[in-house]
Amino acid sequence: MPRRADASPPRAEDAGARRPAIALLDRVSKSYPAGGETVHALTDVSLSIAPGEIVALVGRSGSGKTTLLNLLGTLDRPTSGRVLIDGVEVQGLTEEALLAFRRDTIGFVFQFFHLFPYLTALENAALPLWLGGQGGPDVTVRARELLAAVGLAEKADRLAGRLSGGEMQRVAVARALAASPALILADEPTGNLDQANAGSVLEALTQLTRERGTALVIATHSEAIAQVADRRVAMVDGRVASAS
Amino acid sequence: MGRRFALLRALGLRPLRRHAGRTLLTLLGVAAGVAVYVGIDLAAESSIRSFSTAARAVAGGASLRIHHRPLALPESLLLRLRPFEGKADLMPTLEALARAHEADGPAFTILGVDLIGDPRVRGAIPWAVGAATPAGGAGPTAGGDPLVAVRALFDPGTLYVPAPLADQLEAGRPSGATRSDSITAVVGTRPYRFRIARIAPPPGSETSVAAPVAFLDLAPFQERFGRIGELDWIDVEPRSGVDPDSLRREIAARLANDVRIEPPEERARMLERMLGSYRRNLRALSLISLVVGMLLAYNALLSTVLQRRSEISLLRALGAGRALVAALIGVEGWIVGLLGGVLGVLLGRGLAEGALALVSRTVSDLYARSSPMAPRLTAGEWALGVSLGVASAAVAAYGPVREALRVRPLEFAREEHPDAPESDAAPRRLLVAAAAATLALWLIAHPRGIGEGVRGYVGAAAALLAGTLAARPFFTAVARLARAPLRRLWSPAGRLAAATAIAARRRLSVSVAALLLSYAIVWGMASLVESFRVTVDAWAGSTLRADLWITPQSRAGSPAEGTMPASWSARLAALPEVADVDAFRVREIAIGGDLCFLGAGRSDVLARHGFLPLVDRRDAAPLLRRLPNARLALVSEPLARRRRLAPGMRLSLDTPTGRHDYGILAVYRDYSSDRGYVILDRTTYRADFGDSLVSTYALYLKPGIPRSAGAAAAARAVGPGELIRVTDTRTIREEVRRVMRRTFAVTDALEIVAAAVALLSVLGTLAALVLTRRREIGALRAIGASRLQVVRALLLEAALLALSGLLLGALTGCLLGGVLVHVLNRESFGWTLALAMPWRRTAILAAALFVAALLAALPPARRAAAVPPREAMSRA
Chain G
0 MPRRADASPP RAEDAGARRP AIALLDRVSK SYPAGGETVH ALTDVSLSIA
50 PGEIVALVGR SGSGKTTLLN LLGTLDRPTS GRVLIDGVEV QGLTEEALLA
100 FRRDTIGFVF QFFHLFPYLT ALENAALPLW LGGQGGPDVT VRARELLAAV
150 GLAEKADRLA GRLSGGEMQR VAVARALAAS PALILADEPT GNLDQANAGS
200 VLEALTQLTR ERGTALVIAT HSEAIAQVAD RRVAMVDGRV ASAS
Chain X
0 MGRRFALLRA LGLRPLRRHA GRTLLTLLGV AAGVAVYVGI DLAAESSIRS
50 FSTAARAVAG GASLRIHHRP LALPESLLLR LRPFEGKADL MPTLEALARA
100 HEADGPAFTI LGVDLIGDPR VRGAIPWAVG AATPAGGAGP TAGGDPLVAV
150 RALFDPGTLY VPAPLADQLE AGRPSGATRS DSITAVVGTR PYRFRIARIA
200 PPPGSETSVA APVAFLDLAP FQERFGRIGE LDWIDVEPRS GVDPDSLRRE
250 IAARLANDVR IEPPEERARM LERMLGSYRR NLRALSLISL VVGMLLAYNA
300 LLSTVLQRRS EISLLRALGA GRALVAALIG VEGWIVGLLG GVLGVLLGRG
350 LAEGALALVS RTVSDLYARS SPMAPRLTAG EWALGVSLGV ASAAVAAYGP
400 VREALRVRPL EFAREEHPDA PESDAAPRRL LVAAAAATLA LWLIAHPRGI
450 GEGVRGYVGA AAALLAGTLA ARPFFTAVAR LARAPLRRLW SPAGRLAAAT
500 AIAARRRLSV SVAALLLSYA IVWGMASLVE SFRVTVDAWA GSTLRADLWI
550 TPQSRAGSPA EGTMPASWSA RLAALPEVAD VDAFRVREIA IGGDLCFLGA
600 GRSDVLARHG FLPLVDRRDA APLLRRLPNA RLALVSEPLA RRRRLAPGMR
650 LSLDTPTGRH DYGILAVYRD YSSDRGYVIL DRTTYRADFG DSLVSTYALY
700 LKPGIPRSAG AAAAARAVGP GELIRVTDTR TIREEVRRVM RRTFAVTDAL
750 EIVAAAVALL SVLGTLAALV LTRRREIGAL RAIGASRLQV VRALLLEAAL
800 LALSGLLLGA LTGCLLGGVL VHVLNRESFG WTLALAMPWR RTAILAAALF
850 VAALLAALPP ARRAAAVPPR EAMSRA
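If you're matching them up, the sequences are chains G and X in order. The first sequence: position 192 = 191 (numbering that gives the first Met the number 0), numbered continuously. The second sequence: position 201 = 200 (numbering that gives the first Met the number 0), numbered continuously.
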């Protein structure tokens with residue numbers, strides 16, 4: 000069972016730190032070697048995200064958004080500092096424990112959808128539940144509900160590879176919500192869509208996370224997306240430049 | 000031009016180094032196919048070439064040979080040819096086939112020639128060698144008495160042995176035997192003791208290798224082997240300025256009608272023609288490995304295209320034309336084909352060494368004594384191997400190049416997936432597959448005789464094409480059928496595996512095809528072997544009914560080698576243990592350019608005790624009773640098919656008493672030789688051929704007499720000085736089986752290569768799939784798939800692939816087996832075989848291949864499990 004740590008008092012610059020944090024980064028740095036040099040992707044970043052809060056991570060390419068997202072998603076480990084998700088200090092977890100923890104706690108929406116084109120929309124949406132060992136009609140019912148929630152009830156049995164880009168990303172939203180995670184991380188979720196589709200995906204994403212009280216972190220270049228967020232965290236050269 | 004080359008080098012060649020593993024796999028695929036083809040062809044060629052090389056080496060520079068084979072020439076013929084002495088060297092020769100030391104010692108030939116006058120050996124015989132250096136030492140003894148030296152040449156106890164053969168004979172001594180200057184040569188049933196005089200190899204350096212030949216002078220030869228007044232042939236070497244053709248015509252005019260004058264290699268050429276079918280059979284089987292290698296190359300090149308899709312897409316967007324894209328992929332195929340061809344030839348040369356012993360043993364078993372020479376890589380073999388490599392790579396590159404040409408500019412920007420659900424032309428494929436299968440079935444149902452040439456190839460190709468084309472629809476059907484049970488049993492890995500398999504069916508079906516082809520090849524070849532085994536076992540069981548068989552110890556292969564006197568017949572028949580004796584004579588004869596056997600036995604004995612299976616299933620006994628004292632004959636099935644003979648037709652044979660016609664009474668089944676037999680009754684044979692010698696005695700013992708007692712009594716009856724081999728029927732049957740196993744030993748090697756290449760293909764396909772799905776697997780891991788789940792999904796996919804390949808391979812194998820047994824075998828050898836399926840062997844192999852396919856899938860599966868989840872986050 001993952002060990003819950005006592006959450007450190009939020010730092011002053013974390014605006015949303017009045018409520019208990021679902022995700023907390025405490026003086027986190029991340030560096031890695033590249034071409035004989037050390038690249039400092041993140042330096043001394045502290046950030047707290049409250050349950051149900053929508054945070055927009057903005058910044059130029061290479062500013063550290065994706066690295067931050069990887070750390071929040073437990074896909075990577077920090078070089079220093081602490082990462083707590085849902086009260087659990089994730090660095091201490093074994094890979095197997097981390098896997099289960101991630102499956103139950105975090106949902107992902109990727110820029111390039113990463114749906115399995117040979118599975119149906121329903122199967123894609125149900126996948127996290129199946130991977131977690133759940134099965135039977137309950138899973139199907141839940142996946143159908145989620146697909147209906149993103150407006151794809153009629154396309155549930157269509158192969159993902161035959162859906163349009165906007166539809167694929169909506170299936171990805173349904174998949175991210177399938178395991179009822181406390182946190183959803185979205186990496187440029189509309190970066191590969193036209194304006195109309197981008198709008199509908201963003202609407203689905205924000206509406207469903209708000210309804211469910213799920214925290215949402217969106218890495219984006221888009222000011223429009225940033226404006227629908229509760230908070231805007233700007234990244235510059237691996238540091239949090241501002242939070243509003 | 001230079002700019003284009005630089006572009007090709009940068010974009011076409013650099014990726015080869017970047018994907019060294021896959022490049023190597025492609026190279027190995029092409030090389031393996033070429034190596035098997037070249038190796039087996041080289042071995043067959045070396046073995047077969049030994050006949051004409053030996054004939055040429057023995058004949059020296061002689062361009063003509065006068066002979067009356069299988070009969071001897073009278074020595075007096077030399078007198079009739081005296082008028083030609085000014086125009087040509089006449090070289091009378093006698094021949095004895097011998098074995099050194101003992102029954103199973105090295106086989107060699109003793110030639111009786113004029114040691115002083117024969118230009119072929121004159122330079123090799125040192126004048127005083129016999130007197131001064133009986134063994135070991137070569138070269139003349141300076142200052143020796145010339146008379147002593149000349150006398151030594153005529154010493155019937157001295158055998159002149161070229162040094163390499165002397166070394167071989169020394170090496171072939173039985174273990175424990177002391178090194179000696181003497182040797183026992185078994186000729187027919189008699190041992191002859193000789194002192195060995197080493198000589199330099201006669202001119203024509205290949206002589207002692209290609210033709211293990213030792214020399215005696217003519218007169219001592221005739222004296223020791225009881226051939227006074229006889230010659231086996233006279234070689235004729237025209238003097239310079241004499242036209243061989245006109246000389247041939249002039250000599251022919253002076254010869255009796257049935258004495259021939261022809262090139263010395265004529266018999267060898269006939270043998271080589273006969274061996275053509277054996278070689279064709281081997282070629283057909285080894286060509287199949289080329290196809291499997293080609294599939295491996297196809298698979299690897301397709302992986303290249305799929306992996307470089309984004310690059311190709313970008314290049315297209317930057318203005319690269321379709322020709323450049325085709326050249327980029329084509330150059331990889333071309334280079335791999337070229338290098339694979341070169342590597343294949345080199346590997347094939349090594350493989351030929353191993354295959355040579357097997358092939359030449361088979362050639363000796365089935366056709367005639369063969370002393371194979373070292374495989375020789377000629378410019379022709381190099382050209383063939385490299386061309387095969389390039390051609391197979393070109394064929395393999397066709398599909399991937401087409402795939403590359405379908406890539407659209409900037410498609411990567413839209414994140415189009417190479418494994419996106421594919422629409423395929425299943426009905427069209429199935430239709431063509433059904434047509435190919437129907438063609439193969441039609442050929443099986445309508446087999447023709449020998450010499451049709453290509454029907455076997457066409458049938459085998461049709462069977463394999465049917466399987467290959469059906470691979471994708473079949474695999475898709477299996478994956479769809481397996482979806483429900485996989486979901487139930489191993490969800491979610493099973494669900495993913497089934498869905499992925501269906502989605503990637505196009506790529507996976509290449510491996511399915513490789514696996515099915517190799518399994519079908521193994522199945523087909525095993526059916527052929529099994530059909531042979533079952534048919535020949537049944538045939539030997541029903542026809543070999545004598546209790547004991549007596550043959551000369553010197554016989555090394557052909558049933559025509561070595562004879563025994565007819566006088567033994569009465570002695571053996573008088574034994575109280577013996578109920579009946581058949582004296583069977585076998586000689587080599589030529590019928591219309593085909594070298595076959597003439598057999599003569601006591602048909603009354605065969606009718607009483609034996610069984611002769613006739614092709615038309617009639618009872619043979621009444622026919623056998625009509626044979627004595629009549630010009631009637633039976634012919635074996637291979638000969639009947641080759642010469643298109645049938646009951647009621649007449650067959651003309653040259654005999655010492657003139658040319659006679661023999662009415663064909665029946666065609667009988669015979670699996671002892673594909674050269675074919677004409678069978679006469681012994682009475683007719685003796686009258687027409689004036690020959691009473693016996694090749695084999697068959698003894699029928701009285702009831703209750705143990706075979707060991709019969710064998711001892713037979714040995715006593717022929718006398719202690721006679722070196723005979725008494726074999727019981729069980730041993731003969733075992734020998735038949737041994738010969739068969741040796742004959743098909745080459746197929747074992749082919750099976751292993753085919754299976755190995757197929758497994759490489761499985762490994763290559765799955766590895767490439769993992770590479771192209773990295774981000775997808777990363778996403779799967781990010782949303783919660785464990786390493787075990789990823790490994791399990793990949794393994795299940797491999798299991799589906801293997802299962803489909805093996806199931807369809809079994810069906811294709813049945814079809815191929817039918818073609819090999821009923822079409823190719825019949826076309827090549829003329830035998831009718833009962834089709835038998837090798838259930839046990841193929842079941843074991845299927846299990847082994849299934850496990851091996853899973854093992855081959857493990858490394859890619861582990862690689863997939865190691866894909867970090869953050870891979871999904873990386874931007875394209």
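Where is the CB? At the ideal position from N, CA and C, for every residue including glycine.
- In the three-state reduction of the DSSP assignment, residue 794(X) falls in the helix class, which pools H, G and I.
- Taking 9 Å as the cut-off, the beta carbon of residue 786(X) is found closer than this to the beta carbon of residue 864(X).
- Note that the C-beta distance between residue 661(X) and residue 625(X) is not below 9 Å.
- Under the 9 Å criterion on CB atoms, residue 116(G) is classed as interfacial with respect to chain X.
- Within chain G, the residues placing a beta-carbon under 7 Å from that of residue 784(X) are 130, ordered along the chain.
- Beta-bridge annotation (DSSP): residue 653(X) is paired with 658(X).
- By DSSP's assignment, residue 667(X) forms a beta bridge with 613(X), 635(X).
- Scanning the segment 170-228 of chain G for uninterrupted alpha helix (DSSP H) segments of 4 residues or longer gives 194-211, 222-227, listed from N- to C-terminal end.
- Residue contact with chain X for residue 142(G): absent (no Cβ-Cβ distance below 9 Å to any residue of chain X).
- Under DSSP, residue 600(X) forms a beta bridge with 680(X).
- Of the residues 82(G), 121(G), 131(G), 116(G), the one whose Cα lies closest to the Cα of residue 102(G) is 131(G).
- Around residue 102(G), the beta-carbon contacts reaching into chain X at under 8 Å are 782, 783.
- Per the C-alpha coordinates, the member of 29(X), 62(X), 219(X), 170(X) positioned closest to residue 113(X) is 219(X).
- Residue state for residue 39(G) is assigned as strand, using DSSP reduced to three classes.
- Ranked by Cα distance from residue 42(G), the options 34(G), 36(G), 26(G), 48(G) are led by 26(G).
- According to the DSSP assignment, residue 31(G) belongs to the beta strand (DSSP E) that extends over 22-33.
- Residue 127(G) has its alpha-carbon roughly 7 Å from the corresponding atom of residue 177(G).
- Interface residue (Cβ-Cβ distance to chain X less than 9 Å): residue 75(G) is classified as such.
- Using beta-carbon distances, residue 502(X) counts as an interface residue toward chain G, with a partner under 9 Å.
- When C-beta distances to chain G are compared with 7 Å, the residues of the segment 761-781 of chain X below that value are 774, 775, 778, 781, in chain order.
- Per DSSP, the unbroken alpha helix (DSSP H) holding residue 853(X) starts and ends at 838-864.
- One alpha carbon belongs to residue 754(X), the other to residue 517(X), and they sit about 6 Å apart.
- For residue 166(X), the enclosing alpha helix (DSSP H) covers residues 162-170.
- Per the C-alpha coordinates, the member of 104(X), 328(X), 826(X) positioned closest to residue 278(X) is 826(X).
- The beta carbon of residue 590(X) sits closer than 7 Å to those of 642, all from its chain and outside the five residues before and after it, given in chain order.
- With a cutoff of 9 Å on beta-carbon distance, residue 97(G) and residue 158(G) are scored as not near each other.
- For residue 230(G), there is no enclosing alpha helix (DSSP H); the residue is part of the beta strand (DSSP E) that begins and ends at 230-235.
- The C-beta of residue 495(X) comes closer than 9 Å to at least one C-beta of chain G.
- Here residue 232(X) really is in contact with residue 66(X); their C-beta atoms are around 4 Å apart, less than 8 Å.
- Between the segment 103-112 of chain G and the segment 46-58 of chain G, the count of Cβ pairs shorter than 8 Å is below three; the stretches do not touch.
- For residue 134(G), the chain X residues whose C-beta falls within less than 8 Å of its own C-beta are 490, listed in chain order.
- Assigned with DSSP and collapsed to three states, residue 438(X) falls in helix.
- Contact annotation for residue 868(X) against chain G: 74 [CB-CB distance below 7 Å, chain order].
- The beta carbon of residue 478(X) sits closer than 6 Å to those of 497, 500, 501, 799, all from its chain and outside the five residues before and after it, given in chain order.
- Sequence-ordered contacts of the segment 519-550 of chain X with chain G are nonexistent [C-beta pairs closer than 8 Å].
- Counting along the chain, the unbroken beta strand (DSSP E) around residue 237(X) starts and ends at 232-237.
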